[in-house]
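Engineer:
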Amino acid sequence: MRRKSYTKKNPHTLLKFIVGIFVVGSILGGFIYIRPQISIPSVPTDAESSLISKLGTYARSFITSDTGISQYVKSLVGEGIETQPFEPGTNSSKENEVLIGKVAVVSDSHASVDTFSEVIKRIRSEDVDMILHLGDVSIGGEIDQFMGIKNVLDESGIPYYVLPGDHDYNWVPQYDLQNFTRVFNEVSVSGSARLIEYMGMSFVLFDNSGKDTDSTVIEPLIDLLESLPENSPVYLFTVSPFTNPYFETKQDSQGEAVLEKLSKYPIRQIFSGDTHIFSRYTDEETNVTTTTVGATGDYKNPLPQYVIVEFFDNGEFEIKSKPAVDLESGD
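Here our numbering is used: the first residue of the sequence shown is 3, the next is one more, and so on.
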């Protein structure tokens, strides 16, 4: 059971609190003001979304730093506030819940061995039971790139499973996943769906690296879902999101139809990679919620991040985005 901690009121932090709110408000307010002036489209670009994510992370780090601002925020709200910040898009913490499991979800390492190694070091300190990699292990499907990431995962000592992304197809002698399956073999999920039973829950890994999920591609997934016990909570892990309100190019052309079929099953959450940012959204038509987990490599990614998912004995779960702000990333 997790222990809550409390803080005392500190009236001397009022000035620091006002300064903090002014700085953060100025940054975000300026962005909101300038956006229509320079005709930024309503759908954010990759770079814009990364900037927003990074600003939010820095703002949160500033407010919760040792300046005392976080303590004053708690004093305004009241005593008894849990020191661990509530993560946007997660289930809130509840009393009398017992942690029964914890997994790490990563994606898009893109052969960035050094950065990925640092991320895995942090994950090891989280005491997780499993690592799930949602694809784009490499840049172009080369065996040496796969081996670099595999060695890091092997050395962690944590059980793991890997989905292939569209960057994991090799080009020679033909365009396929031969190199990927050769390297990852038993821990891979390629061209189908795979069930992992975990703490009374069903983790379903589905390879949709081909992007468009027609009736033939989705058939193994539907068959697997049909075979599951009715009382088993299902968590679905995919390479790419079926739908995405932020990036039209990062979604399945058949995504709405797929979600319509999936909405008939007890899927608690869909986790996806490919977008390089953390986000969470619910499809209005089907009420299916998707979380994109961010990227753990340098390729087109200014902020490496991963996700920790905690599971509790009362059936609740909590999703925590873990941005690695202090890690230097490439382009």
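A virtual CB, placed ideally from N, CA and C, is assigned to each residue, including glycine. Bear in mind the structure is a predicted one, so any value in this text is a computation, not a measurement.
(1) Provide the residue(s) that pair with proline 166 in DSSP beta bridges, ordered along the chain.
(2) Any chance the region 218 to 228 sits against the region 144 to 151, with 3 or more Cβ pairs inside 8 Å?
(3) Determine which residues share a DSSP beta bridge with histidine 278 and list them.
(4) Give me the residue from Leu207, Ser194, Phe239 with the minimum Cα distance to threonine 218.
(5) Taking all protein chains shown into account, decide if alanine 106 is buried (16 or more other Cβ within 10 angstroms of its Cβ) or exposed.
(6) Can you give, in chain order, each stretch of the alpha helix (DSSP H) that sits fully within the region 138 to 220 and has at least 4 residues?
(7) For valine 191, which residues of its own chain have a beta-carbon under 8 Å away from its beta-carbon, when the five flanking residues on both sides are left out?
(8) Quick one: grab the DSSP three-state call for proline 222.
(9) I'd like the span of the alpha helix (DSSP H) that includes serine 127, first residue to last.
(10) For a test of the three-state rule: what should DSSP assign to alanine 326, helix, strand or coil?
(11) Just to check my reading of the structure: phenylalanine 244 and aspartate 254 have Cβ atoms closer than 8 Å, yes? What is that Cβ distance to the nearest angstrom?
(12) To the nearest angstrom, report how far apart glycine 82 and proline 268 are at their CA atoms.
(13) Residue range of the alpha helix (DSSP H) that leucine 261 falls in?
(14) Assign leucine 136 to one of three DSSP states: helix, strand, or coil.
(15) Could you give the distance in angstroms between the alpha-carbon of serine 401 and the alpha-carbon of valine 100?
(16) Between Leu179, Glu128, Glu144, Trp173, which lies nearest to isoleucine 347 when the distance is taken from Cα to Cα?
(17) Which two residues bound the contiguous beta strand (DSSP E) that contains lysine 104?
(18) Assuming the contact rule is C-beta atoms closer than 8 Å, leucine 179 and leucine 197 should be a hit. Round their C-beta distance to whole Å, please.
(19) What does the alpha-carbon distance come out to for the pair threonine 284 and serine 323?
(20) Under 8 Å Cβ to Cβ from aspartate 68, same chain only, skipping five residues before and after it: list those, please.
(21) What did DSSP end up calling proline 90 once you bin it into helix, strand or coil?
(22) Are the beta-carbon atoms belonging to glycine 299 and aspartate 110 less than 8 Å from one another?
(23) Excluding the 5 residues flanking tyrosine 171 on each side, which residues of the same chain have their C-beta closer than 7 Å to its C-beta?
(24) Do you know offhand how far asparagine 316's Cα is from lysine 266's?
(25) Just list the residues that DSSP pairs glutamate 312 with in beta bridges.
(26) If we ignore side chains and look at the alpha-carbon of each, how far apart do serine 229 and methionine 201 end up?
Structural biologist: Short version:
(1) According to DSSP, proline 166 bridges with nothing at all.
(2) no
(3) Histidine 278 is not bridged to any residue.
(4) Ser194
(5) buried
(6) 145 to 158, 180 to 186
(7) Tyr163, Val164, Leu165, Pro166, Leu207, Phe208, Asp209
(8) helix
(9) 115 to 127
(10) coil
(11) 5 Å
(12) The predicted model places glycine 82 with a pLDDT of 28, which falls under 50 and marks its position as unreliable; any figure quoted below should be read in that light. The alpha-carbon atoms of glycine 82 and proline 268 are separated by roughly 35 Å.
(13) 257 to 264
(14) coil
(15) In the structure as shown, the chain begins at 3 and stops at 333. Residue 401 is therefore absent and cannot be evaluated.
(16) What is shown of the chain runs 3 to 333, which leaves residue 347 out entirely.
(17) 101 to 108
(18) In fact, because the Cβ distance is near 20 Å, the residues do not count as touching under 8 Å.
(19) 17 Å
(20) Confidence at aspartate 68 is low in this model, with a pLDDT of 39, below 50, so the placement of that residue is unreliable and no value is reported for it.
(21) At proline 90 the pLDDT is 35, less than 50, meaning the model places this residue with poor confidence; the figure from the coordinates comes in the next sentence. Three-state DSSP puts proline 90 in coil, outside helix and strand.
(22) yes
(23) Gly143, Tyr177, Asp178, Leu179
(24) 23 Å
(25) Lys104, Glu320
(26) 18 Å
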